[in-house]
Amino acid sequence: MALDPDDMESLDAQIDALESSLNGASSLASAFDGELRKMQSSMARTSASVESLSSSISGGLRRAFDGLVFDGMKASDAMKMVAQSMVNATYGAAIKPVTKQIGDMFASGIAGIGAAAFAKGGSFSQGRVMPFAKGGVVTAPTAFPMRGGSGLMGEAGPEAIMPLTRGADGSLGVKAAGGASRPVNIVMNISTPDADGFRKSQTQIAAQVGRALSRGQRNR
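If you count the sequence shown from 1, you need to add 1389 to reach the numbering used here.
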């Protein structure tokens, strides 16, 4: 069966167009391979990051080849598609550590806020911070942060939290409620038959007063 000359010319033209497209694809692949090698040599990434980057660019290259060979896309448009794919993949690989660092900074900031809230003491109660600057009582097992670890209070029963006060002598302790000392009044009724007998009993009376004052100081 002989072919019509016009059909032969049309077939030759199609073959030439296909060869031109394949040549363009070959040049595109060569350029892509060179750029990919440069990127792999210049980027100090882990193997997982490099594989992800290579996969992203390869996907863009595959789409460019499909458009060039099957959809009649111009070689210049295919190159633009590959370039855009490389830019997107490189941007994603470059921005990932930055976004991770920012996320870590936010997480550290939130943790720092939580630690700062406990700088003066406190405990969590259903997500709330309960201040104990003026003291309080813990009635249930409660965890609280400490330097180098965490502590637990109230695990064996109710525990009191009392603020410490430094006294005038420099000692640190719990200050009793009530503020200043209240005066102590002592009333003594003495009956004596005469003044001479009272003078003889002065020493005994003074000793009794001293013992009463000592007992009062111990009982305060």
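C-beta: ideal position from N, C-alpha, C; glycine also.
Cβ separation of residue 1524 and residue 1551, assumed to be a contact under 8 Å, to the nearest whole Å
With a Cβ gap of about 5 Å, residue 1524 and residue 1551 count as contacting.
Residue 1529 vs residue 1539 beta-carbon contact at 8 Å
The criterion of a C-beta distance shorter than 8 Å is not satisfied by residue 1529 and residue 1539.
Quick check: is the beta carbon of residue 1562 nearer than 8 Å to any beta carbon in chain B?
Judged by its chain identifiers, the structure shown contains no chain B, having just a single protein chain.
Which one or two residues does DSSP pair with residue 1534 in a beta bridge?
Beta-bridge pairing links residue 1534 to 1539.
8 Å CB neighbourhood of residue 1547 in its chain, flanking five on each side removed
Excluding residues within five positions, the ones whose Cβ falls inside 8 Å are 1526, 1527, 1528.
Which of the three DSSP states is assigned to residue 1424 in this structure?
Helix, per DSSP.
Along the chain, where does the beta strand (DSSP E) containing residue 1548 start, and where does it finish?
Start and end: 1548-1550.
Local conformation of residue 1562 per DSSP, three classes:
DSSP, read as helix, strand or coil, puts residue 1562 in strand.
Reduced DSSP category for residue 1528 - H, G, I as helix; E, B as strand; rest coil
Coil at residue 1528, not helix or strand.
Taking 6 Å as the limit between beta carbons, can you name the residues of its chain near residue 1419, skipping five residues before and five after?
If we look at residue 1419 and ignore the five residues flanking it on each side, it has no Cβ neighbours.
Residue burial classification, residue 1597 (beta-carbon count within 10 angstroms, cutoff 16)
That one is exposed.
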